[in-house]
Structures are given as structure tokens and as C-alpha cells.
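The block underneath contains the structure these notes are about, expressed in C-alpha cells.
Protein chains: 2
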Amino acid sequence: MSNDAISYVTIREVGPRDGLQSEQPVAAGERARFIDALSATGVRHIEAVSFVSPKAVPAMADPDTVLAAIDWRSDVTWWALVPNRRGAEMAVAAGIEALTVTISADPVYNERNVHMTIADSEAAIGEIVAIAGGRPVDAVVSCCFGSPYSGETAPGGVAALGARLLDRGVTELTLADTTGMATPARVRALLAECGTDVGLHLHDTRGTALVNAYEAIRCGVSRFDTAAGGLGGSPFAKGAGGNLPTEDLVHLLDDEGIVTGIDLGRVLDAVTVLREVVGHDVPGRVATFGPRTSA
Amino acid sequence: MSNDAISYVTIREVGPRDGLQSEQPVAAGERARFIDALSATGVRHIEAVSFVSPKAVPAMADPDTVLAAIDWRSDVTWWALVPNRRGAEMAVAAGIEALTVTISADPVYNERNVHMTIADSEAAIGEIVAIAGGRPVDAVVSCCFGSPYSGETAPGGVAALGARLLDRGVTELTLADTTGMATPARVRALLAECGTDVGLHLHDTRGTALVNAYEAIRCGVSRFDTAAGGLGGSPFAKGAGGNLPTEDLVHLLDDEGIVTGIDLGRVLDAVTVLREVVGHDVPGRVATFGPRTSA
Numbered sequence: 012m013s014n015d016a017i018s019y020v021t022i023r024e025v026g027p028r029d030g031l032q033s034e035q036p037v038a039a040g041e042r043a044r045f046i047d048a049l050s051a052t053g054v055r056h057i058e059a060v061s062f063v064s065p066k067a068v069p070a071m072a073d074p075d076t077v078l079a080a081i082d083w084r085s086d087v088t089w090w091a092l093v094p095n096r097r098g099a100e101m102a103v104a105a106g107i108e109a110l111t112v113t114i115s116a117d118p119v120y121n122e123r124n125v126h127m128t129i130a131d132s133e134a135a136i137g138e139i140v141a142i143a144g145g146r147p148v149d150a151v152v153s154c155c156f157g158s159p160y161s162g163e164t165a166p167g168g169v170a171a172l173g174a175r176l177l178d179r180g181v182t183e184l185t186l187a188d189t190t191g192m193a194t195p196a197r198v199r200a201l202l203a204e205c206g207t208d209v210g211l212h213l214h215d216t217r218g219t220a221l222v223n224a225y226e227a228i229r230c231g232v233s234r235f236d237t238a239a240g241g242l243g244g245s246p247f248a249k250g251a252g253g254n255l256p257t258e259d260l261v262h263l264l265d266d267e268g269i270v271t272g273i274d275l276g277r278v279l280d281a282v283t284v285l286r287e288v289v290g291h292d293v294p295g296r297v298a299t300f301g302p303r304t305s306a
Numbered sequence: 012m013s014n015d016a017i018s019y020v021t022i023r024e025v026g027p028r029d030g031l032q033s034e035q036p037v038a039a040g041e042r043a044r045f046i047d048a049l050s051a052t053g054v055r056h057i058e059a060v061s062f063v064s065p066k067a068v069p070a071m072a073d074p075d076t077v078l079a080a081i082d083w084r085s086d087v088t089w090w091a092l093v094p095n096r097r098g099a100e101m102a103v104a105a106g107i108e109a110l111t112v113t114i115s116a117d118p119v120y121n122e123r124n125v126h127m128t129i130a131d132s133e134a135a136i137g138e139i140v141a142i143a144g145g146r147p148v149d150a151v152v153s154c155c156f157g158s159p160y161s162g163e164t165a166p167g168g169v170a171a172l173g174a175r176l177l178d179r180g181v182t183e184l185t186l187a188d189t190t191g192m193a194t195p196a197r198v199r200a201l202l203a204e205c206g207t208d209v210g211l212h213l214h215d216t217r218g219t220a221l222v223n224a225y226e227a228i229r230c231g232v233s234r235f236d237t238a239a240g241g242l243g244g245s246p247f248a249k250g251a252g253g254n255l256p257t258e259d260l261v262h263l264l265d266d267e268g269i270v271t272g273i274d275l276g277r278v279l280d281a282v283t284v285l286r287e288v289v290g291h292d293v294p295g296r297v298a299t300f301g302p303r304t305s306a
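If you want it as C-alpha cells, here you go:
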């Protein structure tokens, strides 16, 4: 990479949450088995569960059972998605170390997804921050590059929302391309408004997730959400493609000489477990065809 | 794109040849219908047929029948793949304006693919150049980033082969990633040896085709082979993924403000024809989910 500013990329593995949430529900023990395979890869951040209503997202039921079954490795920061103060209280009680919260850059999407106005979601996030008691709280802003309901998202609006969320006490921001509408040009435009001290959460609907990550790294971004195997897609967003596959990003960064701390072979092992857990194949390309050096 | 040296990218549409060659054979009239849909997109270069043995590649049979059926638009340069002097003679007799020839950067692949040594293939290309009579002859060098038989390909060897081919009279070189082993780092390494006055022919086996094209454009490459719908893969190369989809590259470049002269909507129309012609869906992501602005 001609921009040599970034030498280390931090990956947060979201496969157990964003990867599985649209799947048919699987037993908590199976989810724990997948998580254990992931924590053996060297990844330092795992979003393991979500404390959402099991009626809303059946595949995310029983987070406490999952968390009781995993190997709680101390070299991993354990994240959970929480939708409200009750979810935050449950997560903290379960020993979760860091919280993700969501809000949409598109008010229409926010309304349809969580039935709240942006202002109400901001207030709820403030309450979660209070419950977090100093733990990291990452606000994952959906639809940062566009929304299936409202088309383009203005980068300035995302930046303003991000600033308000930081005022509410969130410790970091992650900008999400919920339905895969980003291109490198849009990545640059958004980062120009929001700065590069953000995470990116990319979906591969239109085949651009990897090139968008690449462009973001060139711009100076060093935090990414990815999902082993490339499963995923919001249960609320029609046409949402899978997450950027962890193994595809690690495969590219290994060849760039950019350190992730993650062992590609072990990610592929985790994908093997994932296939067993979900009972079908996965979209990730390197998982399907093997690393370049295996050809 | 922060590198603003490239403002125009020339795309050669290879869907009728590389896209269809691994498919079940379809009627010449159907292939012509696909070609006519492609020539209406604004693309200025189309590889329409191949004059290979129909025993070796049944889907490429009857090139003369295909060529007799197409709308022979004057704003398109019509290319054909020719394997030897007899193929070149047939192509010239059929009115083809420009020839692609293939040779592999990996001697083992060359041997298994065309049962010739590299030296024999070079000599055959020299004969084809003579028959071309001043028409453009593009040497498409396969396995430039690696081979399923021999692993890594040394960039210096590709550059040396390219120099010899130019000495033989080919007018241009296209570097092919036959089995999708390129990454941006490998693109930079190869271009450092070969220069940027080359075309790239990328396959998406490991999900890197688009990011590789993006990196190549940043480096100064302005010529690409792509296939509408992203069909393809060599019938001789196990594990070869589809070609870089035309619509995925145009979709990205449109948003970058890089001109291709190609109308994305018309490419998607051509993909609709392609689905009818081959009788199944295609892997291209923008063709599957629509352009970002349609979300």
C-alpha cells in the first residue's frame, strides 16, 4: 500500500452477532463453539451476543447461556450489542466488557428498525452510557452511505450525529454501510467529514466491501468490523448483503504486510465450525477457494 | 481516487468469449443476441468469439455463424481469440479487426493448456502476428500472479516474457490473473516490473478482482478485460472464478468520476439477455442487487 501510515489494523469479529442474527436460530452451545473457534484466531475483539428481544431477533436469544458456555479468554475484549438500558444492565451483569449501540443516520430507517426517532435513540444511548459505568461504548451508525428507504446519506449529517453521540459519552464511533451502498469515492467523502478515528462496518451487497476497506485504510482508518465467512445482513434491511468476511480482509492485509494479529488458517478453521453450526456454506471467497498460496 | 492521473478507462468486454467458454454451448444466434446487447452499451472493444477447436472448447464453436449474425457496429473494435495460424487466418477472413493470443507465464500451465512449450507458443505468436497483417495483436499472458500448478509467478519472469512477445511483434500485452491469486500488493509488484502500459484481465476467485483493478488504476493502468455478469473461468483451470464483472467495475468508476463511455444501465440490460442465453443467474453483484443509487 503506497500509504504506509497504517501498519496495524484492529478487527472486531462480529460473526457471532451480525453474522448469525439473520440465520435460523441455533443452539447456544453451538454459538459458543463458533465463538471459541474465533477467540483462538488471535482476534482481540469479539461481538459475541446481542441483548435484544428474542421476539425481534430469534437467532440472538439466550445471550446469557452463550456467555456461560464460552472460553472467556482474557486476551479478548468481549462486546455485546445492547438496544436499551435493560439490555445494557443485562450485558453488564453478564460480565460483558464493552457495548455496541446502534442508531441510524437515516431517520426513516431508525423508525422502522427500532421504532424511535433519532432524538429518542440518542437519549437512549445516553442512558446506556451511564449504565456502562466507564466501559467502552461504541455507537454503530447504520446507513452511513445510504438507506434503502431514503437513498443517499449526506456525510455532513453523519458527522453531526457522530459529534452529538460523542457528547452523549460514547467512546467511539463505527460507521456502517448497512446495505452495501459505499464505494471508495463515498468512503473518502464520508471520512473527509468524520475524520479517520472511526471504525468501519462494511457489507458486501454490491461487491465493494473489500475495496472500500482498502480505500479506508489508505485514508488512515485502522478499525473494522468483519464476520468470519461473510454471513450477515440485517433482518430489517431488505437486500443487505453479508458482512465483509474476516478471512478476505486478513488475506489481503497479510499480503500488504499490515498486521492484524489474526491467524488466517485459524479463521478458516472457525469458518469450518461455522458451516457446521449453520448447516450451509458461506459466501466468503477465501473460505470457499482457499488462500492464494494454497492454489 | 487520490491518484488523478487516470481519467479514462478502456474496457474490453470479454463476456462472449471468456464468459461463455465454460458454459454449456448455446446457439450462435443467442450468442449474437448477447453481443448485440453489449455493443449497445457504449463499450468500444468486444472479444466476440474464439477460433479454437470446437472439440477443445465446445461452447466456442461456430464463430463464423456468430459473426455473421451480429450487428457489426463500426464504433466497436471486434476482437477474436486465436490459438494458432489457422485460427488467425479464419479470424482475418471473417473480418475480425484485432486478435488476442494467449501464452502462460507458467510453463506447466502452458503445457497442460495448449500442449506447447513457452518457446513454441512464442513462435506460434510470431506466426500469428505475420498473418494479422498490421492488425492489433494483444498477447494475454495467463497465470501472471500465480498458477494452480506452480504457485507464485515471479514478476521478473512475466516482464521478460512480455519483452520477448513485443519483440515478436505483438502490439500490446494483457496480464491475466487466471485463477484469482492477485492482491493489491501483487499488482504493484508486477506493475513495477512490467510498467503500466498493459491491460489487466482479472478473475474474482478470492474476491479481490475489484480491489486489484482499483489498485492498478491508482498505479496508472487504464485497460481492463471484464465480462458482463461476471461469468467465466478457464475450462482448463480448476478453481478459476468468474471474470471481473463489467457492471461492477463501471459502477465503481462512475462513482469515481472516471469515464468508461459505457452506460451502466445498458450493461445491466445485456446481463438480462445473458441470463436468458445461459439459462441461469450470474455472479455479478451489481447485476444481482442493482446499482447503489437504486437501493
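Protein sequence lines correspond, in order, to chains L and Z.
Going from the first sequence to this note's numbering is simple: count from 1 and add 11.
Going from the second sequence to this note's numbering is simple: count from 1 and add 11.
Ideal placement from N, C-alpha and C gives every residue a C-beta, glycine not left out.
Note that the coordinates shown come from a computational prediction; the quantities given were computed from them, not determined experimentally.
With a threshold of 16 other CB atoms inside 10 Å of the CB of residue 19 (chain L), please say whether the residue is buried or exposed. Counting every other CB atom within 10 Å of its CB across the protein chains shown gives residue 19 (chain L) a total below 16, marking it as exposed.
Under three-state DSSP, which class holds residue 214 (chain Z)? Assignment of residue 214 (chain Z) by DSSP, reduced to helix, strand and coil, places it in the strand class.
Nearer than 7 angstroms: is that true of the beta carbon of residue 92 (chain L) relative to any heavy atom of the ligand SAH? As presented, the structure is devoid of all ligands, the ligand SAH included, so that no description of it is given.
Buried or exposed: where does residue 270 (chain Z) fall if 16 or more other Cβ atoms within 10 Å of its Cβ makes it buried? Looking at its Cβ environment, which holds fewer than 16 other Cβ atoms inside 10 Å, residue 270 (chain Z) is exposed.
For the region 54-109 of chain Z, which segments carrying the beta strand (DSSP E) assignment without a break, of at least 3 residues, lie completely within its bounds, in sequence order? If only uninterrupted beta strand (DSSP E) runs of at least 3 residues are considered, those enclosed by the region 54-109 of chain Z are 56-61 and 88-92.
Give the secondary structure of residue 19 (chain L) by DSSP, where H, G and I count as helix, E and B as strand, and everything else as coil. Strand at residue 19 (chain L).
Counting only the same chain and skipping the five closest in sequence on each side, list residues whose C-beta sits under 6 angstroms from that of residue 234 (chain Z). Excluding five sequence positions before and after residue 234 (chain Z), the CB atoms of its chain that fall closer than 6 angstroms to its own CB belong to 21 and 210, given in chain order.
Can you give, in chain order, each stretch of the beta strand (DSSP E) that sits fully within the region 131-166 of chain L and has at least 3 residues? Whole beta strand (DSSP E) segments, 3+ residues: 148-153.
DSSP on residue 256 (chain Z), reduced to helix/strand/coil? Here residue 256 (chain Z) sits in strand by DSSP.
If distances are taken between C-alpha atoms only, which option among Z:97, Z:298, Z:70 and Z:154 comes closest to residue 240 (chain Z)? Of the candidates Z:97, Z:298, Z:70 and Z:154, Z:298 places its Cα closest to the Cα of residue 240 (chain Z).
Is there a C-beta anywhere in chain Z that falls below 8 angstroms from the one on residue 257 (chain L)? Closer than 8 angstroms: no.
Short CB-CB distance (under 8 angstroms) between residue 286 (chain Z) and chain L: Under the Cβ criterion of 8 angstroms, residue 286 (chain Z) is not counted among the residues facing chain L.
Could you confirm whether any beta carbon from chain Z is found closer than 8 angstroms to the beta carbon of residue 168 (chain L)? It does not; no Cβ of chain Z falls within 8 angstroms.
Leaving out the 5 sequence neighbours to the left and right, which residues in its chain are closer than 8 angstroms to residue 116 (chain Z) when beta-carbon positions are compared? Cβ within range, chain order: 152, 153, 154, 155, 158, 164, 168, 169 and 172.
Could you name the residues of the same chain whose beta carbon sits closer than 8 angstroms to that of residue 292 (chain L), not counting the 5 residues immediately before and after it, in chain order? Cβ neighbours of residue 292 (chain L) beyond the five flanking positions: 286 and 299.
Under the three-state DSSP convention, the category residue 112 (chain L) falls into: Secondary structure of residue 112 (chain L) (DSSP, three-state): strand.
Since residue 214 (chain L) meets chain Z, which of its residues come closer than 8 angstroms, beta carbon to beta carbon? What residue 214 (chain L) touches in chain Z: nothing, since even the nearest Cβ is about 10 angstroms away.
Residue 219 (chain L), DSSP secondary structure in three states: Assigned with DSSP and collapsed to three states, residue 219 (chain L) falls in coil, not helix or strand.
On a CA-only basis, which of Z:207, Z:138, Z:262 and Z:218 is nearest residue 179 (chain Z)? Give me that one, please. Checking every option, the nearest Cα to that of residue 179 (chain Z) belongs to Z:138.
Within 10 angstroms of its Cβ, does residue 128 (chain Z) collect 16 or more other Cβ (buried), or is it exposed? So residue 128 (chain Z) ends up on the exposed side.
Note down, in chain order, all residues in the region 177-207 of chain L with a beta-carbon under 9 angstroms from any beta-carbon belonging to chain Z. Of all residues in the region 177-207 of chain L, the ones placed with a Cβ closer than 9 angstroms to any Cβ belonging to chain Z are 190, 191, 192, 193, 194, 195, 196, 197 and 199, in chain order.
Alpha carbon to alpha carbon, how far is residue 114 (chain L) from residue 65 (chain Z)? Give it in angstroms, no decimals. Cα to Cα, the separation comes out at about 58 angstroms.
Is it buried or exposed, residue 126 (chain Z), if we count other Cβ atoms within 10 angstroms and call 16 or more buried? By the beta-carbon neighbour count (other beta carbons within 10 angstroms, threshold 16), residue 126 (chain Z) is exposed.
What is the DSSP secondary structure of residue 234 (chain Z), counted as helix, strand or coil? In the three-state DSSP reduction, residue 234 (chain Z) falls in the strand class (E or B).
Report yes or no: do the region 32-52 of chain Z and the region 190-197 of chain Z share at least 3 C-beta pairs separated by less than 8 angstroms? Flag = no, the region 32-52 of chain Z and the region 190-197 of chain Z do not touch.
Residue 13 (chain L) (DSSP reduced to helix, strand or coil): Residue placement at residue 13 (chain L) is poorly supported in this model, since its pLDDT is 49, which falls under 50; the coordinates still yield a value, given next. Coil.
Would you mind reading off the limits of the beta strand (DSSP E) that contains residue 187 (chain Z)? Per DSSP, residue 187 (chain Z) belongs to the beta strand (DSSP E) from 183-188.
C-beta neighbour in chain L for residue 297 (chain Z), strict 8 angstroms: It does: the Cβ of residue 297 (chain Z) has a partner Cβ on chain L nearer than 8 angstroms.
Which residues share a DSSP beta bridge with residue 270 (chain L)? Residue 270 (chain L) pairs with L:19.
Closest residue to residue 87 (chain Z) among Z:272, Z:244, Z:121 and Z:94 (Cα-Cα distance): The shortest C-alpha to C-alpha distance from residue 87 (chain Z) to any of Z:272, Z:244, Z:121 and Z:94 is the one to Z:272.
Can you list, in chain order, the residues of its chain whose CB lies under 8 angstroms from that of residue 106 (chain Z), leaving out five sequence neighbours each side? Within its own chain, the residues whose Cβ lies closer than 8 angstroms to the Cβ of residue 106 (chain Z), once the five positions on either side in sequence are excluded, are 78, 83 and 89, listed in chain order.
If we ignore side chains and look at the alpha-carbon of each, how far apart do residue 290 (chain Z) and residue 283 (chain Z) end up? Note on geometry: alpha-carbon atoms of residue 290 (chain Z) and residue 283 (chain Z) lie some 10 angstroms from one another.
As assigned by DSSP and simplified to three states, the class of residue 24 (chain L): The three-state reading of DSSP puts residue 24 (chain L) in strand, counting E and B together.
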